[in-house]
Amino acid sequence: MTEQWVALEPGADPDERVRALRRAHETFTTAGTVARPVRPVVAASWRRSARAGVGPDGSASVELTDDDLGAYRAEHPLAKVMPLVRELVGTFAADGSHLLAVCDAHGRLMWVEGHPTTLRRADRMNFVPGARWSEAAVGTNAPGTAVAVDRPVQVFAAEHFIRRVQPWTCAAAPIHDPHTGRVLGAVDITGGDGLAHPHSLGFVQAVARAAESQLSLITPPTQAEDTVTLSVLGRDEAELRPGGGRRIRLSRRHSEVLVLLARHPEGMTGDELLCALYADESVTPVTLRAELARLRPLLPSGLLASRPYRLSVPVECDATLVERRVETGALTAALRAYRGPLLPNSQAPAVVGLRRRLAAALRTALITRGDPDLLADWAHAPWGEHDLLVWRALAALRPTAPVRARIAALEAELAVPGGPEAPSRRPHVRRTPWITSGATYSQRPPV
Numbered sequence: 035m036t037e038q039w040v041a042l043e044p045g046a047d048p049d050e051r052v053r054a055l056r057r058a059h060e061t062f063t064t065a066g067t068v069a070r071p072v073r074p075v076v077a078a079s080w081r082r083s084a085r086a087g088v089g090p091d092g093s094a095s096v097e098l099t100d101d102d103l104g105a106y107r108a109e110h111p112l113a114k115v116m117p118l119v120r121e122l123v124g125t126f127a128a129d130g131s132h133l134l135a136v137c138d139a140h141g142r143l144m145w146v147e148g149h150p151t152t153l154r155r156a157d158r159m160n161f162v163p164g165a166r167w168s169e170a171a172v173g174t175n176a177p178g179t180a181v182a183v184d185r186p187v188q189v190f191a192a193e194h195f196i197r198r199v200q201p202w203t204c205a206a207a208p209i210h211d212p213h214t215g216r217v218l219g220a221v222d223i224t225g226g227d228g229l230a231h232p233h234s235l236g237f238v239q240a241v242a243r244a245a246e247s248q249l250s251l252i253t254p255p256t257q258a259e260d261t262v263t264l265s266v267l268g269r270d271e272a273e274l275r276p277g278g279g280r281r282i283r284l285s286r287r288h289s290e291v292l293v294l295l296a297r298h299p300e301g302m303t304g305d306e307l308l309c310a311l312y313a314d315e316s317v318t319p320v321t322l323r324a325e326l327a328r329l330r331p332l333l334p335s336g337l338l339a340s341r342p343y344r345l346s347v348p349v350e351c352d353a354t355l356v357e358r359r360v361e362t363g364a365l366t367a368a369l370r371a372y373r374g375p376l377l378p379n380s381q382a383p384a385v386v387g388l389r390r391r392l393a394a395a396l397r398t399a400l401i402t403r404g405d406p407d408l409l410a411d412w413a414h415a416p417w418g419e420h421d422l423l424v425w426r427a428l429a430a431l432r433p434t435a436p437v438r439a440r441i442a443a444l445e446a447e448l449a450v451p452g453g454p455e456a457p458s459r460r461p462h463v464r465r466t467p468w469i470t471s472g473a474t475y476s477q478r479p480p481v
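In short: position in the sequence shown from 1, add 34, done, that's our numbering.
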């Protein structure tokens, strides 16, 4: 276990570290720069939190309550190992005035248990079952960061991105499906500064491994083979493959529904789906229910569940695969799996957002990496032939005559002032028209 994953090395003064971290946190939230002694894992998490639009004075939101929360927990794979987790962690949490928390793969807390006094304190910051504690929602925190980086991690005091969480210290470890390796969620212990010790990190990691071992005994491998795959890149009509060689081609609207539910395995309410699918606010819930009623018989029996709307088995989407590879730096594999923009002609607001973010993340990673072969692969693809920023990045590394000619043609076509030596003069919105406009890669940008 490397040093960066442990919050406080033995012998360090906790009070002095807290003061230094608070200064560093203030510097980051005001100036955007990371100062010592912030660990690399925390610095990277702070940057992801800021990019996600999390504010340091924000708070968690509760998304599931009462019957919906109970139904979701009952159907989640980690429900099967909660008795074991409680046996291993429960006494430790209660005796030490700590909390045991278990979240799903998207940082939503499903169980929060422990000392009554500590539970009341946690309730004041919405560290409660049904609340979303992903990095994208509340910034750096142990359960959210553990599932984001797929590693055990401690978060100490002012390492938390949101200020109201900074009096706490937590340690969490991801739990995986033992047959597929898919992250199912994370186990977390939350409490005071005493948790900032290598032993607490090793402890939650051991609990997570025990849970995975238990799952391997009680979950037959055949269940892992039931994973459904969904192809949405470079095509307007998604293809669903539920296994057994069967292929289901979906309409554009049904494709949009499936890609959103695959993106949100925790489920979406009817209102959330309605807003995600329709830009026209006059569309009524009746229209959405009718679409879902037409979709349900096209799918394998029981795949589309409700309250909230969700997919009852894991669905592996090619867009998610590309996203994971970009996040882990596997850019060659990411580019190989990228068949084109996600549902390129869809105008559903949430799908447009997913399409833009995925393309932007991949192309930004390619430019940052600076590999001329990868840049050339993107630039010569149908969706990259008008991407002036990538062509300029390629020219900086491989200034051949054809590359320079292509840049000159694009600059003339797009009427962009300045050359490669003056990128700051170019309006951002006109650098990559097909990405920022949401148009398909088969369309020419306006001349």
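We put the beta carbon where it would ideally sit given N, CA and C, even for glycine.
Rounded to whole angstroms, what is the Cα-Cα separation between residue i and residue j?
i: SER95; j: ALA220; result: 19 Å
i: PHE62; j: PRO201; result: 18 Å
i: GLU419; j: ARG197; result: 45 Å
i: GLU259; j: THR303; result: At GLU259 the pLDDT is 47, less than 50, meaning the model places this residue with poor confidence; the figure from the coordinates comes in the next sentence. Going from the Cα of GLU259 to the Cα of THR303 covers about 28 Å.
i: GLY336; j: SER346; result: 7 Å
i: PRO29; j: ALA245; result: This structure cannot settle anything about residue 29, because the visible part of the chain is limited to 35 through 481.
i: GLY92; j: ALA170; result: 12 Å
i: THR256; j: HIS110; result: Confidence at THR256 is low in this model, with a pLDDT of 49, below 50, so its placement is unreliable and the value that follows should be read with caution. Roughly 17 Å between the two C-alpha positions.
i: HIS140; j: GLU273; result: 25 Å
i: LEU264; j: ALA310; result: 19 Å
i: ASP49; j: PHE237; result: 24 Å
i: GLY268; j: ARG391; result: 15 Å
i: SER340; j: GLU290; result: 17 Å
i: VAL266; j: ARG166; result: 27 Å
i: ARG82; j: ALA207; result: 19 Å
i: TYR343; j: PRO331; result: 15 Å
i: THR214; j: PRO186; result: 19 Å
i: ARG286; j: ARG370; result: 24 Å
i: ALA394; j: GLN381; result: 18 Å
i: ARG158; j: GLU315; result: 35 Å
i: ALA46; j: ASP227; result: 12 Å
i: ALA313; j: PRO383; result: 6 Å
i: ALA449; j: ARG280; result: 49 Å
i: PRO375; j: GLY178; result: 28 Å
i: VAL262; j: LEU292; result: 11 Å
i: ILE223; j: VAL162; result: 13 Å
i: PRO90; j: PHE195; result: 6 Å
i: TRP425; j: ASN160; result: 47 Å
For residue i, which residues does DSSP report across the bridge?
i: LEU264; result: LEU274 and CYS351
i: GLN188; result: ALA205
i: GLU121; result: Answer by DSSP bridge pairing: none, since GLU121 is not bridged.
i: ALA142; result: The displayed chain sequence assigns Arg, not Ala, to residue 142. Bridge partners of ARG142: ARG166.
i: THR224; result: LEU133 and CYS204
i: HIS298; result: Bridge partners of HIS298: none, in fact.
i: GLY148; result: LEU133
i: ILE196; result: The partner list for ILE196 (beta bridge, DSSP) is empty, contrary to what the question assumes.
i: LEU338; result: LEU345
i: ARG283; result: GLU273
i: VAL96; result: ALA165
i: VAL317; result: Paired residue(s): none; VAL317 is not in a bridge.
Would you decide whether residue i is buried or exposed? Buried here means 16 or more other CB atoms lie within 10 Å of its CB.
i: ASP421; result: buried
i: VAL317; result: exposed
i: ALA324; result: exposed
i: GLN188; result: buried
i: HIS288; result: buried
i: SER250; result: exposed
i: PRO378; result: buried
i: VAL172; result: buried
i: ILE209; result: buried
i: ILE67; result: Looking at the sequence provided, one finds Thr at residue 67 rather than Ile. By the 10 Å Cβ count, THR67 comes out exposed.
i: SER234; result: buried
i: ASP101; result: exposed
i: ILE401; result: buried
i: ILE252; result: exposed
i: ARG51; result: buried
i: LEU229; result: buried
i: SER168; result: buried
i: PRO150; result: exposed
i: VAL199; result: buried
i: VAL320; result: exposed
i: ARG359; result: buried
i: GLU121; result: exposed
i: ASP352; result: buried
Given the structure, does residue i come close to the ligand FMN, in the sense that its CB is under 7 Å from one of the ligand's heavy atoms?
i: LEU98; result: The ligand FMN is not part of this structure, which contains no ligands at all.
Between residue i and chain D, is the shortest Cβ-Cβ distance under 8 Å, so that the two count as touching?
i: ASP407; result: The displayed structure is made up of one protein chain only, and chain D is not part of it.
Measure how close the beta-carbons of residue i and residue j come, nearest whole angstrom, since I'm counting them as under 8 Å.
i: GLY301; j: TYR106; result: 7 Å
i: ASP270; j: VAL217; result: So it is not a contact: roughly 30 Å between Cβ atoms.
i: LEU428; j: ALA410; result: 6 Å
Decide if the region 103-122 is in contact with the region 133-151; the criterion is three or more beta carbon pairs, one per stretch, under 8 Å apart.
Yes: at least three Cβ pairs fall under 8 Å.
Counting pairs of Cβ atoms below 8 Å between the region 65-77 and the region 42-56, do you hit three or more?
They touch, by the three-pair rule.
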